[in-house]
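Colleague: What follows is a structure written as structure tokens; I'll ask about it next.
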């Protein structure tokens with residue numbers, strides 16, 4: 012059976028694991044290596060990563076990783092977001108969906 016894996020920073024170390032889900036705690040510097048490793052695991056179908064870990068991974072690199080992997084990558088919004096970061100998150104989702112940047116006013 013395929014599994015769902017949550018990749019989170021240390022401050023969320025107990026969240027998903029307490030619910031019985033597979034969880035890997037990584038630092039932001041290790042996030043890209045963790046995604047590459049997960050993409051190479053044939054038993055992982057869905058990887059959900061905390062958006063706070065994506066700071067060092069470029070948008071192009073993330074998109075290339077998604078295209079190579081047959082699984083689904085989900086970005087979890089950071090907890091306690093401000094209105095500005097919520098808009099940034101929405102813009103990133105739109106950019107990923109349609110393939111180019113949209114300027115919102």
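Residue numbers (our numbering): 12 to 116.
Cβ coordinates follow ideal geometry from the N, Cα and C atoms, glycine included.
Please identify the residue among 52, 17, 77 and 72 whose C-alpha is closest to the C-alpha of residue 31.
Modeller: Locating residue 31 in the chain shown gives position 20, where the first residue counts as 1. Selected option, being the one with the closest Cα: 17.
Colleague: Start and end of the alpha helix (DSSP H) containing residue 43?
Modeller: Here residue 43 refers to the residue found at position 32 when the chain shown is read from its first residue. That run of the alpha helix (DSSP H) goes 42 to 50.
Colleague: Which two residues bound the contiguous alpha helix (DSSP H) that contains residue 76?
Modeller: By one-based count along the chain shown, residue 76 stands at place 65. It spans 70 to 79 - the alpha helix (DSSP H) in which residue 76 sits, taken as one unbroken run.
Colleague: Give the DSSP bridge partners of residue 85, in chain order.
Modeller: On the chain shown, position 74 is the one that residue 85 refers to. In the DSSP output, where bridge partners are listed per residue, residue 85 has 59.
Colleague: With DSSP as the reference, identify every bridge partner of residue 16, one or two as the case may be.
Modeller: Locating residue 16 in the chain shown gives position 5, counting from the first residue. Note: residue 16 sits in a beta bridge opposite 33 and 58.
Colleague: Assuming the contact rule is C-beta atoms closer than 8 Å, residue 64 and residue 73 should be a hit. Round their C-beta distance to whole Å, please.
Modeller: On the chain shown, position 53 is the one that residue 64 refers to. On the chain shown, position 62 is the one that residue 73 refers to. With 8 Å as the limit, residue 64 and residue 73 do not qualify as a contact, their Cβ atoms being about 11 Å apart.
Colleague: Taking residue 62 as the reference, which of 35, 85 and 27 has the closest Cα?
Modeller: Against the chain shown, residue 62 aligns to sequence position 51. It is 85 whose Cα lies nearest to the Cα of residue 62.
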